[in-house]
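A.B. asks: Structure incoming, see below.
There are 2 protein chains.
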Amino acid sequence: MAEDRVTQAVGVARELLEADGPDAVSMRAIAARMGIRAPSLYKHVPDKAALEAHLIAAALTELGHALRDAGPELADLAAAYRSWAIGHPHLYTLATAQPIPRDRLPAGVEDQAAAPLLAAFEGDEDRARAAWAAAHGLVSLELADRFPPDADLDAAWAAFVAAFSPRPERRAQPRPGA
Amino acid sequence: MAEDRVTQAVGVARELLEADGPDAVSMRAIAARMGIRAPSLYKHVPDKAALEAHLIAAALTELGHALRDAGPELADLAAAYRSWAIGHPHLYTLATAQPIPRDRLPAGVEDQAAAPLLAAFEGDEDRARAAWAAAHGLVSLELADRFPPDADLDAAWAAFVAAFSPRPERRAQPRPGA
DNA sequence: GTCTATACCCGGATAGAC
DNA sequence: GTCTATCCGGGTATAGAC
Chain A
192 MAEDRVTQAV
202 GVARELLEAD
212 GPDAVSMRAI
222 AARMGIRAPS
232 LYKHVPDKAA
242 LEAHLIAAAL
252 TELGHALRDA
262 GPELADLAAA
272 YRSWAIGHPH
282 LYTLATAQPI
292 PRDRLPAGVE
302 DQAAAPLLAA
312 FEGDEDRARA
322 AWAAAHGLVS
332 LELADRFPPD
342 ADLDAAWAAF
352 VAAFSPRPER
362 RAQPRPGA
Chain B
192 MAEDRVTQAV
202 GVARELLEAD
212 GPDAVSMRAI
222 AARMGIRAPS
232 LYKHVPDKAA
242 LEAHLIAAAL
252 TELGHALRDA
262 GPELADLAAA
272 YRSWAIGHPH
282 LYTLATAQPI
292 PRDRLPAGVE
302 DQAAAPLLAA
312 FEGDEDRARA
322 AWAAAHGLVS
332 LELADRFPPD
342 ADLDAAWAAF
352 VAAFSPRPER
362 RAQPRPGA
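Here the protein sequences come in this chain order: A and B. Position 165 of the first sequence, counting from 1, maps to 356 under this note's numbering, and the rest follow consecutively. Position 89 of the second sequence, counting from 1, maps to 280 under this note's numbering, and the rest follow consecutively.
If you want it as structure tokens, here you go:
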């Protein structure tokens with residue numbers, strides 16, 4: 192039952208992050224919760240960035256699972272996306288507000304997270320990316336408390352879903368160059 | 192020609208922010224560029240947040256002007272939005288990634304920035320907000336270097352504009368409860 | 001309105017003993 | 001694999017002299 196020290200450190204880092212935000216995640220604080228001193232952490236992990244990479248991987252994996260378990264419709268995916276992000280604000284921000292360390296991440300994590308949305312757009316990467324950005328924008332502005340106090344966020348999400356829902360008459364037209 | 196010290200401090204803070212990012216904006220650094228010491232700044236400004244409020248107000252005002260000077264079509268507004276944000280990445284982030292200090296901002300700044308987009312949607316706040324979020328999402332993911340290296344961002348922007356362009360057959364239907 | 005000196009925090013990371 | 005001691009850096013802000 193002896194838990195691996197790295198796993199333990201990642202778990203503690205996550206607790207600190209989710210509870211009190213990024214500034215609460217220091218090597219000293221992590222170590223303290225493990226009952227050791229900060230320098231000892233460096234026997235298990237090369238640097239702080241390595242711990243953050245673990246957190247980012249966990250975030251992408253869990254968000255991907257949340258989407259995978261949601262219904263196939265855009266409305267379902269949007270609801271799942273919003274729900275996971277709002278439920279894990281600091282983890283979500285960590286995973287989206289900075290370049291991801293692709294070399295320190297397990298292979299496929301990024302694609303696996305993106306798959307459900309890509310499928311909903313039948314492989315159209317451009318539309319899927321625009322929809323992802325829209326969902327991300329809605330979430331991040333909500334998390335940053337940047338909407339006016341009286342804004343109806345549910346209605347904004349509905350407008351987003353409506354905008355990206357299929358348009359029969361347009362899709363019937365062959366795209367030039369396609 | 193004696194420039195007001197506050198104005199000067201704001202200008203210097205902006206230079207530091209735009210050149211080297213948020214971590215480069217310290218009271219010490221601002222003062223140094225003004226040829227004084229950090230403590231002297233506090234004779235002119237109550238605290239650092241006051242300087243940041245000035246920067247946020249400037250960002251919103253300029254972004255609003257960029258949108259106002261663009262064409263009325265969503266495609267024009269989107270291009271202007273993206274262009275201004277990419278041209279002032281740190282300023283843009285400062286103004287969007289945190290709650291805005293509304294009490295320290297001149298009245299109307301926020302509304303004035305939002306007006307062009309709201310007009311493009313003929314006053315439909317929900318759709319305007321969703322479109323704003325989409326543009327913000329595209330910009331912030333681009334600034335954070337969060338798209339895959341091979342992503343076609345121009346195409347993603349085009350997909351966003353297409354999604355939010357008017358749909359005659361839907362708009363002809365009366366909305367229930369409207 | 002500027003200065004020096006300082007108080008009070010915080011952080012990541014390393015050296016070397018055990 | 002843990003420790004203590006320490007190095008390096010940073011920051012906002014105040015007190016009190018001039």
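C-beta atoms are modelled at their ideal positions from N, C-alpha and C, and glycine is treated no differently. Quick caveat, the model's predicted, so the values are computed rather than measured.
#1: Round the Cβ separation of B/Ala347 and A/Arg320 to the nearest angstrom and send it over; I've been treating them as touching at under 8 Å.
#2: Using a Cβ cut-off of 7 Å, pull out every chain A residue sitting near B/Asp267, in sequence order please.
#3: Three or more C-beta pairs under 8 Å: does that hold for the stretch 301-320 of chain A against the stretch 238-245 of chain A?
#4: Need the endpoints of the alpha helix (DSSP H) that B/Gly262 sits in, please.
#5: Work out the CA separation of B/Pro280 and B/Gln303 for me, nearest whole Å.
#6: Would B/Ile291 and B/Ile227 qualify as a contact pair, given that the criterion is a beta-carbon distance under 8 Å?
#7: Check each candidate in B/Leu282, B/Ala335, B/Ala322, B/Asp336 and name the one with the smallest Cα separation from B/Ala349.
#8: Which whole runs of the alpha helix (DSSP H) in the stretch 283-334 of chain B are 4 residues long or more, in chain order?
#9: Taking A/Ile291 as the query, report the chain B residues whose CB atoms sit under 8 Å from its CB, ordered along the chain.
#10: From the beta carbon of B/Leu308, is the nearest beta carbon of chain A less than 8 Å away?
#11: Quick check: is the beta carbon of A/Arg320 nearer than 8 Å to any beta carbon in chain B?
#12: Look at B/Ala324 and A/Ala325 and say whether their C-beta atoms are less than 8 Å apart.
#13: Would B/Thr287 pass as an interface residue toward chain A - the criterion being a Cβ-Cβ separation below 8 Å?
#14: What's the call for A/Ser331, buried or exposed, on a 16-neighbour Cβ count within 10 Å?
#15: On the criterion of 16 or more Cβ atoms from any shown chain inside 10 Å, does B/Gly299 qualify as buried, or is it exposed?
#16: Span of the alpha helix (DSSP H) holding B/Pro230?
#17: Can you list the residues of chain A that B/Gly299 reaches, using a CB-CB cut of under 8 Å?
#18: Closer than 6 Å by C-beta to B/Ala222: which residues in its own chain qualify, once you throw out the five before and the five after it? Chain order, please.
#19: Mind checking the stretch 212-241 of chain B against chain A and listing, in chain order, the residues whose C-beta falls within less than 7 Å of any C-beta there?
#20: Could you tell me which of B/Leu265, B/Met218, B/Ala305, B/Gln199 sits nearest to A/Pro339, measuring between CA atoms?
#21: Looking at chain A, is there any beta carbon in it that lies within less than 8 Å of the beta carbon of B/Phe351?
#22: Is DSSP giving B/Arg205 helix, strand or coil here?
#23: Along chain A, which residues have their Cβ under 7 Å away from the Cβ of B/His327?
#24: Tell me which same chain residues have a C-beta within less than 8 Å of the C-beta of A/Ala249, skipping the five on either side of it?
#25: Kindly list, in the order they appear in chain B, the residues whose Cβ is closer than 8 Å to that of A/Asp317.
#26: For B/Val197, which residues in the same chain have their Cβ closer than 7 Å to its Cβ, ignoring the five residues on either side in sequence?
C.D. replies: Quick look at the numbers:
#1: On the second sequence, residue 347 of chain B is found 156 positions in, with the first residue counted as 1. On the first sequence, residue 320 of chain A is found 129 positions in, with the first residue counted as 1. Confirmed, about 4 Å.
#2: Sequence index remark: in the second sequence, residue 267 of chain B carries index 76 (1-based). Simply none; closest approach about 17 Å.
#3: The stretch 301-320 of chain A is not in contact with the stretch 238-245 of chain A.
#4: Counting from one through the second sequence, the residue named residue 262 of chain B turns up at place 71. Counting along the chain, B/Gly262 falls outside any alpha helix (DSSP H), and DSSP gives it neither H nor E.
#5: Along the second sequence, one-based indexing puts residue 303 of chain B at 112. Along the second sequence, one-based indexing puts residue 280 of chain B at 89. So the alpha carbons of these two residues sit roughly 21 Å apart.
#6: On the second sequence, residue 291 of chain B is found 100 positions in, with the first residue counted as 1. On the second sequence, residue 227 of chain B is found 36 positions in, with the first residue counted as 1. Contact flag unset, no.
#7: Along the second sequence, one-based indexing puts residue 349 of chain B at 158. Of B/Leu282, B/Ala335, B/Ala322, B/Asp336, the residue nearest in Cα terms is B/Ala322.
#8: 300-311, 316-334
#9: Residue 291 of chain A sits at position 100 when you count from the first residue of the first sequence. Under the 8 Å cutoff, chain B gives Arg337.
#10: On the second sequence, position 117 is the one that residue 308 of chain B refers to. Not closer than 8 Å to any Cβ of chain A, the Cβ of B/Leu308 fails to qualify, so no.
#11: Taking the first sequence and counting its residues from 1, one reaches residue 320 of chain A at position 129. For A/Arg320, the answer is yes, since a Cβ of chain B falls inside 8 Å of its Cβ.
#12: Stepping through the second sequence from its first residue, residue 324 of chain B is reached at position 133. Stepping through the first sequence from its first residue, residue 325 of chain A is reached at position 134. Yes, the pair counts as a contact, with Cβ atoms nearer than the cut-off.
#13: Taking the first residue of the second sequence as position 1, residue 287 of chain B is located at position 96. Proximity of B/Thr287 to chain A, defined by a Cβ-Cβ separation below 8 Å, is satisfied.
#14: By 1-based counting over the first sequence, the position of residue 331 of chain A is 140. Classification for A/Ser331: buried.
#15: Within the second sequence, residue 299 of chain B is the residue found at index 108, counting from 1. So B/Gly299 ends up on the exposed side.
#16: Position 39 of the second sequence holds residue 230 of chain B. Per DSSP, B/Pro230 belongs to the alpha helix (DSSP H) from 229-232.
#17: Locating residue 299 of chain B in the second sequence gives position 108, where the first residue counts as 1. Result: empty, since nearest Cβ-Cβ is about 13 Å, beyond 8 Å.
#18: Stepping through the second sequence from its first residue, residue 222 of chain B is reached at position 31. Residues Arg228, Ala229, Leu232 of the same chain have their beta carbon placed closer than 6 Å to that of B/Ala222, with the five preceding and five following residues left out of the count.
#19: none
#20: Here the question's residue 339 of chain A lines up with position 148 in the first sequence. Out of B/Leu265, B/Met218, B/Ala305, B/Gln199, B/Ala305 has the C-alpha closest to the C-alpha of A/Pro339.
#21: Taking the second sequence and counting its residues from 1, the one referred to as residue 351 of chain B is at position 160. Chain A, which has a Cβ nearer than 8 Å to the Cβ of B/Phe351, makes this yes.
#22: Counting from one through the second sequence, the residue named residue 205 of chain B turns up at place 14. Helix at B/Arg205.
#23: Stepping through the second sequence from its first residue, residue 327 of chain B is reached at position 136. Correct list: Gly328, Leu332.
#24: If you number the first sequence from 1, residue 249 of chain A lands on position 58. These residues qualify, in order along the chain: Val201, Arg205, Leu282.
#25: The sequence position of residue 317 of chain A within the first sequence is 126, counting from 1. Going along chain B in sequence order, the residues near A/Asp317 (Cβ under 8 Å) are Asp343, Ala346, Ala347, Ala349, Ala350.
#26: Here residue 197 of chain B is taken as the residue at index 6 of the second sequence, counted from 1. If we look at B/Val197 and ignore the five residues flanking it on each side, its Cβ neighbours are His235, Val236.
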